[in-house]
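Using mature numbering (1 follows the signal peptide of the UniProt record, and there is no 0), the letters of the sequence shown map in sequence onto residues -28 to -1, 1 to 232.
Encoded as structure tokens, the structure appears first; notes follow it.
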Amino acid sequence: MVHMSKCLKYAVYPVFLFLLSAGSTLRAQDTTQPQQPQSQTEQQGPISELPTQTQQQRAQVLRQAQQRVRARREQRDKQTIQDTYSHKYEIYFGSGYLRFRPGHTLQHMDEGMWNVGFTDWVHGNWGVTGDVRGYYGRAYTHPNELGLPIFHPSISQYSFMAGPQYHFFEGVHWGWSAQLLGGMGHGNWATGTGGVPANLVGLYSNTNVLNLSAGAQVDYNLSPSLAIRLLPMMLVTKYGSNLQPNLGFTVTGVYRWGRK
């Protein structure tokens, strides 16, 4: 009996130790389980901040990309302007219109015209322009003293002028400049009168006179070397004793070459 009681003690003792260890393990798990939500919230904090940081970074990258595109565009525009307006020479030719009075007592008439010009850009935005023009039309005349049927004779006039030209706006697609030209004009007023003196039907007499032309022209650049030019202008002539201000315009093509 004594030996059996000792054997039971030895058998119960390990079971008792196992129960104690299991209880301590369960208590430890109970104390650690409430801390899990806190660790999850701590982990969720940085994760929730990541999208905000990513949006800010994307916005910054987008701004930097737009700045680079804008800088490249500005650099390209500057280079285009430099290539366009650093040319030394240009020639232009085209056609136009002039409203003209062919005699002191006659009504205004329409004249079609052509013109050719050459410009040398001598310094900076300043240039010197030479210009040649021809004007053609048909006048409305009075009954003449000889009773001849001359009512709609053809007339023509020509101008040969030169003067300064100045660029006051230089853009990528558009350019503005002003010019003031002066020189000589020649009128052929008796070419359609059948030999009757022009003054007998109210026309000016064939002569050479002073011509002045002033205008502000606009260029539309097709390329650094090519442009289309519109020139509203006033042509002042002096046939007879009075000055005649005449309004008109020209549309020309412009070709540039050479370098300053």
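Note that beta-carbon positions come from the ideal geometry of N, C-alpha and C, so glycine has one too.
Note that the coordinates shown come from a computational prediction; the quantities given were computed from them, not determined experimentally.
Residue burial classification, residue i (beta-carbon count within 10 angstroms, cutoff 16)
| i | result |
| --- | --- |
| Y192 | exposed |
| R228 | buried |
| P217 | exposed |
| L34 | exposed |
| G167 | exposed |
| L203 | buried |
| L184 | buried |
| S149 | buried |
| T26 | exposed |
| G96 | exposed |
| residue 235 | Any question about residue 235 goes unanswered here, given that the chain covers just -28 to 232. |
Range of the contiguous beta strand (DSSP E) that encloses residue i
| i | result |
| --- | --- |
| R105 | 98 to 110 |
| S149 | 146 to 160 |
| N180 | 179 to 193 |
| P169 | No beta strand (DSSP E) holds P169; DSSP gives it neither H nor E. |
| L203 | 198 to 209 |
Inter-residue CB distance, residue i and residue j (contact presumed, cutoff 8 Å)
| i | j | result |
| --- | --- | --- |
| G109 | E83 | 4 Å |
| L152 | Y112 | Actually they are not in contact, since the Cβ atoms of L152 and Y112 sit about 32 Å apart, beyond 8 Å. |
| G225 | M205 | With a Cβ gap of about 17 Å, G225 and M205 do not count as contacting. |
Per DSSP, the bridge partner or partners of residue i
| i | result |
| --- | --- |
| S67 | W86, V223 |
| Q137 | G99, Q151 |
| P121 | In DSSP, P121 forms no bridge with anything. |
| W93 | Note: W93 sits in no beta bridge, so no partner. |
| I127 | G109 |
| N214 | In the DSSP output, where bridge partners are listed per residue, N214 has none listed. |
| Y61 | D92, W229 |
| E46 | The partner list for E46 (beta bridge, DSSP) is empty, contrary to what the question assumes. |
*Hey, is the region 119 to 138 in contact with the region 147 to 167, meaning 3+ C-beta pairs nearer than 8 Å?*
yes
*Check whether the region 59 to 70 touches the region 44 to 51, taking contact to mean three or more Cβ pairs, one atom from each stretch, closer than 8 Å.*
no
*Inspect the CB distances between the region 174 to 186 and the region 85 to 100 and report whether three or more fall short of 8 Å.*
no
*May I ask you to verify whether the region 29 to 46 touches the region 91 to 106, counting CB pairs closer than 8 Å and requiring at least 3?*
no
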